[in-house]
Amino acid sequence: MVLWLIKIVSPLSYLVSSYFYLRYFINRGESDKTWAKITDTMAILLHGLLLILLSLHTGHLPLAEPFQALTTFMFFFATLNKLLIVNKKEYSLGVFHSFILFIFQLISMLFIEVHAPLPDILKNIFFEVHVIFNLVGYASFSSAFLTGIMYVLLFHEIKGRKLGYFYDRLPSLGYLEKLNFRAILIGFIFNTIGIVLGACTGKTAWGTYWAWDPKLIAVVIAWITYAMAIIGKINFHWKGKRLAYLSMIGFTWIIFSMLIINVYFSKIHSFN
Amino acid sequence: MNLIAFTLKNRKSFSDSNSELIANLYERLRKGPAEEVLVIRHDKLLDIFAICPNDADLEQHIIESVREALNISKINIEKKYLRNEALHYFFNLISGKYEKLIGETAILIKIKEEFNLAMDFDATGPIITRLYRQGIEFSQELNQSPELKKYFITRREAVIDISRKISENIGHFQVLFLAQEKEKIEPFIQAFKSSSLDKFLIFAPKFITGYEISSELGCTPVESDQLQHYLSSDTIIIDMEKNPRQIRRFLFPVIKKNRDNLYIYFKYYVHPTFNGDAKLPNLFIQTIDQIDDLIELHVQKRKEFFATLNKSIDKEIQKFYTWLYSDDRYIFNGIVSRDRSMQKTFELIRRIASSNINVLISGATGTGKELVAQAIHQNSSRNKGRFIAVNCSAIPETLLEAELFGYEKGSFTGAVQMKKGLVELASGGTLFLDEIGDIPHLIQIKLLRVLHEREIMRIGNPNPIKVDVRIIAATNHNLENLIEQGKFRLDLYYRVNTVQIHLPPLTQRSSDIILLTQYFIDKFNKLHGKTVNSISREVKNCLLNYSWPGNIRELENIIERAVAVALVNQITLTDLPARLQKYRSKPATSQEQSKTRASSLKEKEAAYIQELLQQENMNYSKVAQLLGIGRTTLWRKMKEYDITTQRK
C-alpha cells in the first residue's frame with residue numbers, strides 16, 4: 109500500500125521541484141529558489157525511501173529488471189546532481205535535471221515489475237556491485253552531458269557576441285567547465301571499477317574475462333572517449349569546449365548504442 | 009499646505025544658467041505665495057517644487073519669476089503636479105526614473121547640489137527639507153536593492169560581469185589597456201580594483217604618453233616587444249583605440265601562442281568587416297555594441313522594476329503625510345522651530361553628526377545649546393554611547409580637573425578610591441562642555457591634549473589612557489574677546505571651533521514664540537494634568553512684545569507657571585508674571601514703543617486686508633484692485649501678516 113502510494117507520488121514530487129526550478133530559471137525569484145531547494149530535497153528523500161521499501165519488499169536490491177534498474181539509476185543521478193551542482197549554490201541548472209528525473213521516474217514507475225524474478229546471475233554479490241558502480245558512473249556521465257550542453261550553449265552565446273537568455277541565467281563558463289570535468293572524472297572512476305568488476309564476474313559466469321560482445325565493445329568505446337577527455341584536460345590543457353563536446357558525444361554514444369544493441373543484438377550480456 | 013510641482017520647458021538649456029540668475033530667481037519666487045521653493049535645473053526642463061497654502065496665483069507668479077529672472081521670453085508650463093502627484097513625481101525623480109539610464113545616481117548628486125543652493129538662498133523650509141531628506145534616503149535604499157545591483161548600467165560593470173561569466177574567478181587576471189586617455193581608463197581601474205584585480209598594464213604606441221599616464225594611474229607601461237613577456241597569464245584587454253591594426257598585429261600572435269591562458273578582449277571601435285577571431289578557443293572578444301546591448305537589456309529590466317515601485321512610493325508619501333500632520337513637524341530632536349535659520353542649523357547638525365568633528369555651539373543663555381549637543385549625539389553613530397554634559401562654570405576650578413580626568417586611589421587626601429573622570433566615562437559617546445570659556449588656563453592645556461592625542465591622564469597616574477570621545481563645547485561668551493584678554497587659549501579655540509553653530513536669541517525667532525508656547529503648553533498640560541488649550545490675544549501680544557532676556561528657558565518657565573495657575577482652559581493676562589503684563593500694548597522702552605506702534609499700524613492693515621478678503625470671498629485680484637496694490641504685493645502682505653486663506 110505504502111509502496112503503491114510512493115510509486116505515484118515520487119514522479120510527481122520531481123514534477124513539483126522542476127516546476128519551482130523552472131520558475132526560478134525564468135524569474136530569478138528568491139522564494140522560488142527556496143521552494144525549489146526544499147521540494148528537490150524532498151523528492152530525493154522520497155526516491156531513496158522508495159528504493160529501500162522495494163529492497164525490503166523483494167529481499168534484494170531493485171535491479172531485477174530494466175525499470176527497477178532505471179529507477180535506481182535515476183536515484184544516483186539525482187543524488188550526484190544534488191551533491192555536485194545544487195549544493196554549490198548553483199540553482200539555474202536544477203530545471204534540467206529535475207525535469208529529466210520526472211520523465212524517467214514516471215516511465216520506470218509505470219512499467220516497473222516489483223515481483224520480477226531475480227536472474228540467477230544477479231545473486232552473485234560481485235555482479236550486484238558491478239551493476240551499482242556502473243549505474244553511478246553513467247549517472248555521473250549524464251550529469252557531465254547536461255553541464256556540457258550548458259557550456260556549449262553559453263560558450264556560443266558569448267563567442268557569438270549575443271549576450272542574452274542564457275547569459276543571464278547560467279553560471280560562468282569557468283564554473284560549468286569545472287562541474288563538467290568533475291562529473292567526467294567521477295563517472296570515469298566508477299565506470300572503470302564497474303568494468304573491472306564486470307570482467308571478474310564474467311570470469312566466474314562464463315569462464316572468460318572478455319567476450320566479443322557488442323555491448324561490451326560499446327561500453328569500452330565510451331570508456332575510451334572519457335579517458336581521452338581526462339588525459340586531454342590533464343596533459344594537454346584542453347579547454348572546456350572540447351571536454352563539453354566529448355562528454356556529450358560519450359553519453360549520446362552510450363544511449364544510442366544500448367538502444368540499438370538491445371533491439372538488434374541479443375548476446376551473452378543480457379539476462380532476460 | 010500643498011506641494012505643487014511645475015515642469016517648465018524651454019528651448020535653451022537651463023543647466024548653464026549661472027548662480028547669479030538663480031539667486032535672482034529665488035528672490036523673486038520667495039516674494040510670491042509659495043512658502044518654500046526648490047528649483048531643479050535639468051537640461052531643457054526646469055522643475056519647481058513649491059509649498060504653498062493656496063495655489064490660486066502660484067502658476068502665474070512662477071512663470072513671471074522665471075521669465076524675469078532668467079531672461080526667457082518664451083516659456084511654458086509643460087506639466088503641473090498637485091499634492092500626491094507632485095510627491096510621486098518628486099520621489100520618482102530622485103530615484104532616477106526619468107534618467108536616460110534609469111536609476112542612475114547622477115540625479116541624486118544634482119538634487120543635492122540644487123537643494124544646497126536653495127538653502128543658501130533661504131528658499132527651503134521644514135517641509136521641503138523633510139521631503140528632500142526622505143527622498144535621499146529612499147533613493148539610497150533603492151540603490152542598495154538587489155534588483156538594481158543585478159541590473160547594472162555602466163560599461164565597466166558590464167565588462168566585469170562578462171569577464172565573470174567567462175571565468176568564474178577573475179581575481180588573478182591582469183588588465184591591459186589599449187588607450188591613451190587617462191579619464192577613460194581611470195573609472196575602469198577603480199571598478200577593477202573593487203573587484204580585487206590589481207595588475208594593470210598600458211600599451212600605448214606613443215611610448216611617452218603611455219609612460220606618463222601609467223605612472224599617474226599606477227600601471228605598468230608595455231611596449232610591443234614586451235607583449236610576449238607580459239601577456240603570459242590570463243588577461244582582460246580593454247581596447248579603446250580607434251585604429252588598432254598596429255596593436256593587433258602584435259597582440260594576436262601572442263594570444264595564439266599562449267593557448268593555456270584566457271584572454272577576454274573588449275573592443276570599443278569595430279570595423280564593419282570585423283568578424284572576431286572565433287577560431288581561438290582561449291580568446292573571447294566582446295564589442296562595445298554587445299556591452300551596450302546588454303546595458304539596454306538591463307535598462308529594460310530596470311524599467312520593469314521601477315514600474316513596480318509605486319507601492320513603496322505610496323508608503324513614503326504616507327510617511328511624509330504622517331509627519332506633516334503630526335505635531336513633530338517643527339520638532340527636530342526636541343528642538344522646536346519653524347525659523348529658517350534654525351532649519352539650516354538642523355540640516356547642518358544632520359550633516360556633521362556622523363563625522364567625529366568637534367563642534368562649538370555659541371548663543372545666549374537659554375537658547376538651547378544643550379539640546380543641540382544632544383541632537384548631534386543622537387544623530388551620530390555614537391548614540392549608543394553616553395552623553396555627558398558638564399557645566400564647567402558650575403564646578404569649582406580646583407575640582408574640575410579631578411571631575412574631568414579622574415584620579416587614582418591615594419593620589420591626594422580624600423582620594424580613598426580610584427575614580428574615573430567624565431571624559432573617560434564619555435568614551436564611546438559624547439562629552440558636552442558647557443561654558444567652556446570659564447575653564448581655567450591649566451585645564452585648557454589638558455583638554456587640548458585630549459582633543460589632540462585622544463588620551464587622558466588620571467591624577468596620580470602617569471600612564472595615559474586612550475579615550476574615544478567626541479567633544480562638543482558651548483559658550484555664551486564671545487571667545488574671541490576672551491582670547492584677546494588672554495583668558496582662553498587660541499590653540500584650544502581652533503581645536504574646538506572646527507564647526508560653529510550659532511543659536512539666535514528668541515527675539516530673532518519671533519515666528520517660533522507661539523509655536524514654542526504651544527509646545528510648552530502641551531508639555532505642562534501632561535505634567536500637571538491640566539487642559540489648557542489656548543492663550544488670549546493679550547497674552548499673545550505680551551509674549552510677542554517681550555524682550556526675552558532669558559530666551560527659551562524663560563519662556564518655558566513662564567508657560568509652566570501660567571499653565572499651573574490658569575483657572576480656565578485659556579491662559580489669560582493675569583496668569584503671566586507682572587513684568588510681562590505691561591507689554592500688553594505698550595512696551596516700556598521707547599525703542600520697543602516704536603516697534604509696537606508700527607506693529608499696531610500693521611495690525612490695522614492686516615485686519616483691513618482680512619476684512620476685504622472675506623468681503624470679496626477670497627478673490628485676490630479684486631482685493632488687490634480695491635487696495636490699489638499689485639497681486640504680488642497683496643500676497644507678500646498676507647504672508648507677512650499670516651492671514652489665513654480659507655475660502656468660505
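If you're matching them up, the sequences are chains W and B in order.
For reference, each letter of the first sequence is one residue, going 109 to 380 in the working numbering.
For reference, each letter of the second sequence is one residue, going 9 to 656 in the working numbering.
Ideal Cβ placement from N, Cα and C applies to all residues, glycine included.
Alpha-carbon spacing of residue i relative to residue j, whole angstroms
| i | j | result |
| --- | --- | --- |
| B/P154 | B/I48 | 29 Å |
| W/G315 | W/A337 | 33 Å |
| B/C60 | B/E122 | 20 Å |
| B/L575 | B/R569 | 12 Å |
| B/D169 | B/Y276 | 17 Å |
| W/D321 | B/S171 | 49 Å |
| B/P595 | B/N26 | Because the pLDDT of B/P595 is 48, which lies under 50, any placement of that residue in the model is unreliable, and the question is left without a value. |
| W/F359 | B/S203 | 38 Å |
| B/E231 | W/F344 | 31 Å |
| B/S103 | B/D476 | 37 Å |
| W/L188 | W/V203 | 15 Å |
| W/L178 | W/L218 | 12 Å |
| W/G348 | W/P279 | 14 Å |
| B/L37 | B/E44 | 9 Å |
| W/A172 | B/H306 | 54 Å |
| W/L113 | B/E176 | 44 Å |
| B/T604 | B/A482 | Annotation note: pLDDT 47 at B/T604 (below 50); position unreliable, coordinate value reported separately. Near 34 Å, if we compare the C-alpha coordinates of B/A482 and B/T604. |
| W/I339 | W/L111 | 45 Å |
| B/A381 | B/Q198 | 38 Å |
| B/L125 | W/R277 | 46 Å |
| W/F183 | W/I208 | 12 Å |
Start-to-end residues for the alpha helix (DSSP H) that takes in residue i
| i | result |
| --- | --- |
| W/F289 | L281 to W314 |
| B/F211 | Unbroken run through B/F211 is the beta strand (DSSP E), K207 to F211; no alpha helix (DSSP H). |
| B/R36 | S27 to K39 |
| W/T149 | E138 to T166 |
| B/K392 | Careful: B/K392 lies outside any alpha helix (DSSP H) and carries neither H nor E. |
| B/Q508 | Looking at the DSSP string, B/Q508 is not in any alpha helix (DSSP H); the run it does join, the beta strand (DSSP E), is V507 to L511. |
| W/I339 | P322 to F344 |
| B/F274 | Element bounds for B/F274: not the alpha helix (DSSP H) but the beta strand (DSSP E), Y271 to K275. |
| W/V222 | From DSSP, W/V222 is part of no alpha helix (DSSP H); its letter is neither H nor E. |
Enclosing beta strand (DSSP E) for residue i [first to last residue]
| i | result |
| --- | --- |
| B/Y591 | Unbroken run through B/Y591: none, as it is neither H nor E. |
| W/A209 | Before going on, a small fix: residue 209 of chain W reads as Leu here, not Ala. W/L209 -> not in any beta strand (DSSP E); alpha helix (DSSP H) instead, spanning G202 to F219. |
| B/L90 | N84 to L90 |
| B/T137 | Not the beta strand (DSSP E): B/T137 falls in the alpha helix (DSSP H), residues P134 to Q152. |
| B/F5 | Residue 5 of chain B lies beyond the range of chain B shown here (9 to 656); nothing can be said about it. |
| B/V45 | E44 to R49 |
| B/Q294 | L291 to T295 |
| B/F185 | Q182 to L186 |
| B/P229 | T228 to V230 |
| W/G245 | Per DSSP, W/G245 belongs to no beta strand (DSSP E); it is in the alpha helix (DSSP H), I233 to K267. |
| B/V74 | No beta strand (DSSP E) holds B/V74; the alpha helix (DSSP H) holding it covers L66 to L78. |
Candidates the options, of which the one nearest residue i by Cα
| i | options | result |
| --- | --- | --- |
| B/L150 | B/I174, B/R478, B/I110 and B/V262 | B/I110 |
| W/L192 | W/F181, W/L130, W/V371 and W/F289 | W/F289 |
| B/Y338 | B/Q294, B/R390 and B/S519 | B/S519 |
| B/N32 | B/F22, B/K548, B/K612 and B/A77 | B/A77 |
| B/T330 | B/W643, B/K39 and B/I135 | B/I135 |
| W/S206 | W/V117, W/L162, W/G156 and W/A151 | W/A151 |
| B/I263 | B/H237, B/E249 and B/M248 | B/H237 |
| B/A434 | B/V458, B/H449, B/L379 and B/N266 | B/V458 |
| B/E432 | B/V380, B/F420, B/G422 and B/A397 | B/A397 |
Residues that residue i bridges to, as DSSP identifies them
| i | result |
| --- | --- |
| B/D442 | B/N399 |
| B/A13 | B/F57 and B/Y89 |
| B/H485 | Answer is none; B/H485 lacks a bridge partner. |
| B/R478 | B/T438 |
| B/S542 | B/Q578 |
Scan the stretch 258-285 of chain W for residues whose Cβ lies nearer than 7 Å to a Cβ of chain B and list them as they occur along the chain. Considering only beta carbons, the part of the stretch 258-285 of chain W lying closer than 7 Å to chain B consists of I266, K267, R269, L271, Y275, S280, L281, G282 and Y283, in chain order.
Taking a Cβ distance cut-off of 7 Å, strictly less, list which residues of the stretch 337-355 of chain W are near chain B, in chain order. Residues of the stretch 337-355 of chain W with a Cβ closer than 7 Å to any Cβ of chain B, in chain order: H345, K347 and K349.
Using a beta-carbon distance cut-off of less than 8 Å, what residues from the stretch 301-325 of chain B approach chain W? Considering only beta carbons, the part of the stretch 301-325 of chain B lying closer than 8 Å to chain W consists of D301, L302 and L305, in chain order.
At a Cβ cut of 8 Å, what residues of the stretch 175-208 of chain B count as close to chain W, listed as they run along the chain? Here the close residues are S175, E176 and N177.
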